Every structure is written in structure tokens, then in C-alpha cells.
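Trainee:
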Amino acid sequence: MRRPLIGMTAYAQQVQYSNNDLMAGMLPMTYVRAVHATGGRAVLITPDDPDIDVLDSLDGIVFSGGGDVDPAHWGAERHPATDTDAARDASEMMLMKAALDRDLPILGVCRGMQVMAVAGGGTLHQHLPDLTGNELHQAAAGTDPLAADAAAYGRHDVVIEPGSRAHDLLGPRLVVNSFHHQAVDDPGKFTPVGWCPDDRIVEIIESANHTFALGVQWHPERTADLRVFTALAEAAAERSGLARREFARR
Amino acid sequence: MRPIIGITSYVVPATWGVWHEVSTALIPNDYVAAVELAGGRAVILPPDERDADVLRVLDGLLLAGGPDIEPGRYGAEPAPLTESRPERDAGEFLLVRKALELDLPVLGVCRGMQVLAVATGGTLHQHLPDVLGHEQHRPAPGVYGEHEARFEGGSLIAKLMGDDLGIHCYHHQGVADPGTLRVTGRTEDGLAEAVEAPDRRFVLGVQWHPEVTRDQRLFGALVEAAG
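First to last, the sequence lines map onto chains A and B. The numbering used here applies: residue 8 is where the first sequence begins, and numbers increase by one. The numbering used here applies: residue -10 is where the second sequence begins, and numbers increase by one.
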């Protein structure tokens, strides 16, 4: 039985590797492995020539982490710390709206959750330290950003609304890793269902009107807890009429 | 709807922004831009060893350049300068064998031509300077070797290239035995520079780097065959 095909939005990024310094279409392998480990087949969707035709081929889609969403998309002025990517914004806003319209199963991770909120008419906080006065959501003070790895991520609790679909999936509470300085303010047409209890920053959004549209502010792909990826693969398999037996419940 | 062209990817430790040496699936943007300029929709295929089912949604396959093929794939021991990535080999050989079986249009670039040759039973030279006695296929780090190729009359590649026979190469391995494919282009030193499968709709391997110039003669032909 074939696996669900999961599109993943990719970075178009100037990158260094071996002796090369070039523009590449790319995505950290942690995302790819998360999809493959939960029964899907990953393909990377480059932002270079925005169109939505590729969605016809997919069973589900992940909107990946990355740079900031341009505040122009929700009518705000740009904060000095905001660092945007116009090509990704254009491509991902278009793909997100179309994926929601056709009820394609969607998982938004970090920036991907923020794209989801903005595409749904919502707004973002542009720089969390201004708002919360804490650095729970970023790397620990004194961390060398050039050596950022899993241990350098922020770490905090998330509490989840009883009765929500996220609660069914993740339970009432979990500890997450965190690496972001923007966050969802107004979730638009989505429902906020998970928060950081220390500062009430929104950590999970979901949709009651879609088969599967879930956004998480943390980075599950860099952890052993891949339940949100499993749930995406299951929703994608079910939507496309694929056998469910391979997608064992957690 | 545009034809969808799957491009096989590198996996390398990459550095950008605050991120340092992160294991990353990537493809130089030249490949993506060359496909999109030709009217195709590029998707990047990270290595995956389980199956070739992704071909179901692809209209064409682009085998990108990259590291050396594991010599065990053609029955040889690794030579001192051979650097291979077995997990990439596993994913690509699965894809290319199935694509040939399905008669899906395939363009192989550099390593991609070598994958085509080895997948059909061929073998490689592991370090060309040892065989040819010169370094004109990779003159120096980051420098392309400029050549005039000779193409076999009536071949697909001869038709596509027309009168402009200039190619630029960057490789230290080359095809020794093309397997079931036919060599349809060579450099002045006799090295195979193009291979084809005449019994397939469109299967072409080139040892040079047409993506750097976004050469629409080749990428246009791939997308047209895929359409």
C-alpha cells in the first residue's frame, strides 16, 4: 500500500556547505525524517514560482519553520527585529489559502503556524521579548547562536484546552522546545487551544471546520515526540483512501 | 497544470543564518530555476529507501549532480579519492530503475548520468586523471573545464544541442561502461559525455552541467517530454 505523499514547504536560502556558497532549495532533514518516520513520503515544495497546481498531487502538507512573516500581510508596520522572506511569504500564503479551501490536511510548524494564522485573517506579535519581558521562547542567554542545536532551544510547558482536538492528540500538558521571536496574537478564523502558562503566548491553533488543520509553535520535528506528524499522516491517508493499518496509534 | 519534475537532492551539513552544520536536504537553485524556466513545476525529492511510489505523481525525473557512487554498486573497491553517500545511492537507484521501467522521462546531470549508467549495468572510472592523464574535466576547485563535445549524428543530444557544442564539466569520475545505454557524445579525449536509451521516450544523461546556464535546449526537452 502506498504511503501518503506529504509536501513540505522549503527554504530558498543562501547556504554554505563543503566549498559551496550558493542559493539552494532546502529543508533540514529533521523535518524529512519526521515525515518518513510516521509513515509518509516527503517531497519539498520550493517557493520560487508561486502557483498552487502542485497541491493536486499531495495527500497532506507541512508548512515549515523559517523567517518572519511580513507584517504587511496583516497591515502592520515592521518591527526593527523583523526579518522577512518575500518569496516564501508569497508562495506559502497562496498555498495555505488553497490548501484550506480544498481541505487538504495541514500541519504548521513555528513559522508555518504563523502563516496559518495570518492566512486566516489573524495577526502576529512581532517581537516577543518586547511583550513578555522573558526569553522563554528563545535560546538560553549566553548561547552562541552559531552553535545553535537542540540543547540551545528554549524549553517551557504548554497547557491544552480540554475538549480540543489537540487535547485528544497530546493530552492536557506537555513540555516543548522553542525557538521563535514572533508569535500568534489574533488567530483569525482558527481556535487557539494551547498556551505557554507563564506568559499566555499561543502555542497551538486548530480548526473545527477542517479535516485536519493544526499549527504548533514549537519544533516537534527535533524531538522524539512525533505525534502531530503521525496525526497528519493518518489524516492524509484517510483523505486519500489509503489503508490505515500502517499508521499505528501512538 | 505544469508537468511535475522531481529533482533528487543532496543531504549535506549546511550552514546559514544562526544555523551551523545542520543536516539538510538541498538542491542548488539553478536546477529549480532551469525546470521552472522550461515550464515545469519542480519538487525536491529527499532520499528515501523504502519505495519509488513518489513516481506516481511525477511527470519527469531529474537526477542531479552530487558525490561519487558507492563503487560496490558496480563491483569495484573504493579508490582513494572516491567519496560516496550510500543513503543517497539507495534512494536514487530505486527511483531510476523504476522510472526506466515506467518509461518516465529522465534527465541525468553529472552524477545523474553516472547513476543511469550504473543502474543499467555499467561501470565508472573512479578518478579520471589516473585514466586520462589530465585534469581538464575538473581543472581546479570551483573551476569548470570548457570542452567542445562531439555528438553522434541522429542522436537525441545532437538534435538538442544543434551547432553550439560547448560544454562545461566539473567531475573527477566518468562512465567507463554505459551499461545498456548508448554513448552519444564524447569529448576530444574520448570520454563519454552523453548517454541515451533509444528504446525509451526520453532518457538522457550528460556529464556536464547544463543547469548552470539553465540550458533550455535540455531542460525544455525534459519538460516537453514530461508534458
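Cβ coordinates follow ideal geometry from the N, Cα and C atoms, glycine included. None of the values given here were measured: they were computed from a predicted structure.
1) Count the other C-beta atoms from every protein chain shown that fall within 10 angstroms of the C-beta of L29(A), then say buried if there are 16 or more, exposed otherwise.
2) Taking a Cβ distance cut-off of 7 Å, strictly less, list which residues of the region 17 to 44 of chain A are near chain B, in chain order.
3) Is it the case that the region 88 to 108 of chain A contacts the region 41 to 56 of chain A, given that we only count it when at least three CB pairs across the two stretches are under 8 Å?
4) Is Y38(A) helix, strand or coil by DSSP?
5) In chain order, what residues of the same chain have a beta carbon less than 8 Å from the beta carbon of Y160(A), not counting five sequence neighbours either side?
6) Between G97(B) and L52(B), which are expected to be in contact by the criterion C-beta below 8 Å, what is the C-beta distance as a whole number of angstroms?
7) With DSSP as the reference, identify every bridge partner of N184(A), one or two as the case may be.
8) Given this structure, state the Cα-to-Cα distance separating V191(A) from V209(A), to the nearest angstrom.
9) Could you check if A173(A) is buried or exposed, using at least 16 other CB atoms within 10 Å of its CB as the buried criterion?
10) Between the Cα of D205(A) and those of N141(A), H132(A) and H217(A), spot the shortest distance and give me the residue it belongs to.
11) Run the CB neighbour count on A231(A), radius 10 Å, all protein chains shown included, and call it buried at 16 or more, exposed below.
12) How do the region 181 to 191 of chain B and the region 13 to 32 of chain B stand: do at least 3 beta-carbon pairs fall below 8 Å, yes or no?
13) Ordered along the chain, which non-local residues of its own chain (more than five positions away) have a Cβ less than 8 Å from that of A17(A)?
14) Excluding the 5 residues flanking I13(A) on each side, which residues of the same chain have their C-beta closer than 8 Å to its C-beta?
15) Taking 7 Å as the threshold (C-beta atoms), are R100(B) and G64(B) in contact?
16) Alpha carbon to alpha carbon, what distance is there between S(-2)(B) and G222(A)?
17) According to DSSP, simplified to helix, strand and coil, what is I33(B)?
18) With three or more C-beta pairs closer than 8 Å as the rule, is the region 100 to 112 of chain B touching the region 161 to 168 of chain B?
19) Are the C-beta atoms of R229(A) and some chain B residue less than 7 Å apart?
20) In whole angstroms, what separates the C-alpha of E38(B) from that of A79(A)?
21) Could you run through the region 86 to 108 of chain A and flag, in chain order, every residue whose CB is less than 8 Å away from some CB of chain B?
22) Examine the ligand HEM and report whether any of its heavy atoms sits within less than 6 Å of the Cβ of V24(B).
23) Please classify F140(B): does DSSP put it in a helix, a strand, or coil?
24) May I ask which residues mark the beginning and end of the alpha helix (DSSP H) holding E25(B)?
25) Determine the extent of the alpha helix (DSSP H) in which H174(A) is found, giving its start and end residues.
26) Closer than 8 Å by beta-carbon distance: list the chain A residues that pair up with S12(B), in chain order.
27) Listed from N- to C-terminal order along the chain, which residues in the region 118 to 134 of chain B have their beta-carbon within a distance smaller than 9 Å of any beta-carbon of chain A?
28) Please list, in chain order, all residues of the same chain as H116(B) whose beta carbon is under 6 Å from its beta carbon, the five residues on each side excluded.
29) Can L154(B) and L193(B) be called in contact, C-beta distance under 7 Å?
30) Run through chain A and tell me which residues come within less than 7 Å of A27(B), C-beta to C-beta.
31) Does any residue of chain B have a CB that is nearer than 7 Å to the CB of T56(A)?
32) So P136(A) is in the alpha helix (DSSP H); what residue range does that whole segment cover?
33) To the nearest angstrom, report how far apart D217(B) and E177(B) are at their CA atoms.
34) Show which residues of chain B have a CB atom less than 9 Å away from the CB atom of S247(A).
35) Is there a C-beta anywhere in chain A that falls below 7 Å from the one on T202(B)?
36) DSSP state of E213(A), grouped into three classes?
Mentor: Put simply:
1) exposed
2) A17, A19, Q20, Q21, V22, Q23, Y24, S25, N26, L29, M30, A31, G32, M33, L34, P35, M36, V39 and H43
3) yes
4) helix
5) A146, N184, S185, F186, H226 and R229
6) 4 Å
7) According to DSSP, N184(A) bridges with R162(A).
8) Per the coordinates, the alpha-carbon of V191(A) lies some 6 Å from the alpha-carbon of V209(A).
9) It is buried - the Cβ of A173(A) has at least 16 other Cβ atoms within 10 Å.
10) N141(A)
11) exposed
12) no
13) G32, M33, L34, L51, I52, T53, P54 and S71
14) V42, G47, R48, A49, V50, L65, D66, G67, I68, V69, L239, A240 and A243
15) no
16) 27 Å
17) The three-state secondary structure of I33(B), taken from DSSP, is strand.
18) yes
19) no
20) 42 Å
21) Look at the region 86 to 108 of chain A: it has no residue with a C-beta under 8 Å from a C-beta of chain B.
22) Absent from the structure shown: the ligand HEM. Ligands present: none.
23) strand
24) E25(B) -> alpha helix (DSSP H) spans N18 to L26.
25) R172 to L177
26) P35, M36 and T37
27) P130 and G131
28) A68, L70 and H161
29) Using a Cβ distance threshold of 7 Å, L154(B) and L193(B) do not count as a contacting pair.
30) Going along chain A, no residue has its Cβ under 7 Å from A27(B), so there is no contact; the nearest lies around 11 Å.
31) With the sequence shown as reference, residue 56(A) is identified as Asp, and Thr is not the correct amino acid for it. D56(A) counts as touching chain B.
32) L135 to T139
33) Chain B is shown from -10 up to 216; residue 217(B) falls before or after that span and cannot be answered.
34) Those do not exist, as S247(A) stays about 11 Å from chain B at its closest Cβ, beyond 9 Å.
35) With 7 Å as the cut-off, T202(B) does not count as an interface residue toward chain A.
36) Under the three-state reduction of DSSP output, E213(A) falls in the strand class.
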